[in-house]
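J.: Position 144 of the sequence shown, counted from 1, bears residue number 143 in numbering that gives the first Met the number 0, the numbering being contiguous throughout. Ideal Cβ positions, reconstructed from N, Cα and C, are used throughout, including at glycine. Below is a structure I'd like to ask you about.
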Amino acid sequence: MRIRVANAIRQTGELFSFETAELFSDQEFGEQTISFAEPISVSGTYVYDGKAFKVEGKATALVNTVCARCTKSFSERIGFSFSERFVKGEDEVSDDETYPYSGDELLLDKAVLDNLFLELPIASVCREDCLGLCPVCGADRNTTKCDCTTEEA
Ligand SMILES: [Zn+2]
Ligand SMILES: [Zn+2]
């Protein structure tokens, strides 16, 4: 996911807008593998201040996940916004606050994914009122009515 920024380099302080989308490959995040059901779309603005770019964007991703209650697979839409700085060259002191770039293109992948990972819920549920699985027989209570008694003896 790249945006071409030659125009902004020539016009310091001028705000430009961009819109882009790309289907990302599976991403390792902690112990999880994150896969995507559709391209991540990003729109926003970028401005060059003579030294670095400031990129602000809004993104939406559709992430394949599993319901924490009923174990059904489903896709969860995650929207997030971000504001990041991109500093030229690899030799710049790299810290958590900035991303490097070279030439007249900004590679947004890492910035977008870092921000997406911050938004991932710890546990996803297929819907707010998902009834989950019966702890006794394992039936999906959304679709099956079982006769198990789950009261503590
Ligand atoms: Zn569920
Ligand atoms: Zn049951």
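So, for Cys129: in the same chain, excluding its five sequence neighbours on each side, which residues have a beta-carbon less than 7 Å away from its beta-carbon?
T.: Correct list, in chain order: Cys66, Arg68, Cys69, Asn141.
J.: What are the residues that DSSP puts in a beta bridge with Phe17?
T.: According to DSSP, Phe17 bridges with Gly43.
J.: As an exercise, report each continuous beta strand (DSSP E) stretch of at least 3 residues that is fully enclosed by the stretch 101-151, in chain order.
T.: You should have 104-106.
J.: Who are the near neighbours of Thr11 in its chain, counting only those whose CB is closer than 7 Å to its CB and skipping five residues on each side?
T.: Here the set comprises Tyr47, Asp48, Gly49.
J.: Report all residues from its chain with a CB closer than 8 Å to the CB of Phe15; omit the five preceding and five following residues, and keep chain order.
T.: Val4, Asn6, Ala7, Thr44, Tyr45, Val46, listed in sequence order.
J.: Based on Cα-Cα distance, which residue from Ala51, Thr97, Leu132 lies nearest to Asn114?
T.: Measuring from the Cα of Asn114, the nearest candidate turns out to be Thr97.
J.: Quick one: what does DSSP say Arg76 is sitting in, helix, strand or coil?
T.: Correct three-state label for Arg76: strand.
J.: Chain D beta carbons: is any one of them nearer than 9 Å to that of Glu27?
T.: Included in the structure is just one protein chain, with no chain D present.
J.: With DSSP as the reference, identify every bridge partner of Ala60, one or two as the case may be.
T.: In DSSP, Ala60 forms a bridge with Ile77.
J.: With respect to the alpha helix (DSSP H) encompassing Arg9, which residues constitute its N-terminal and C-terminal limits?
T.: Note, Arg9: alpha helix (DSSP H), 5-9.
J.: Whole angstroms is fine: what's the gap from Ser74's alpha carbon to Gly88's?
T.: If you take the alpha carbons of Ser74 and Gly88, they lie about 37 Å apart.
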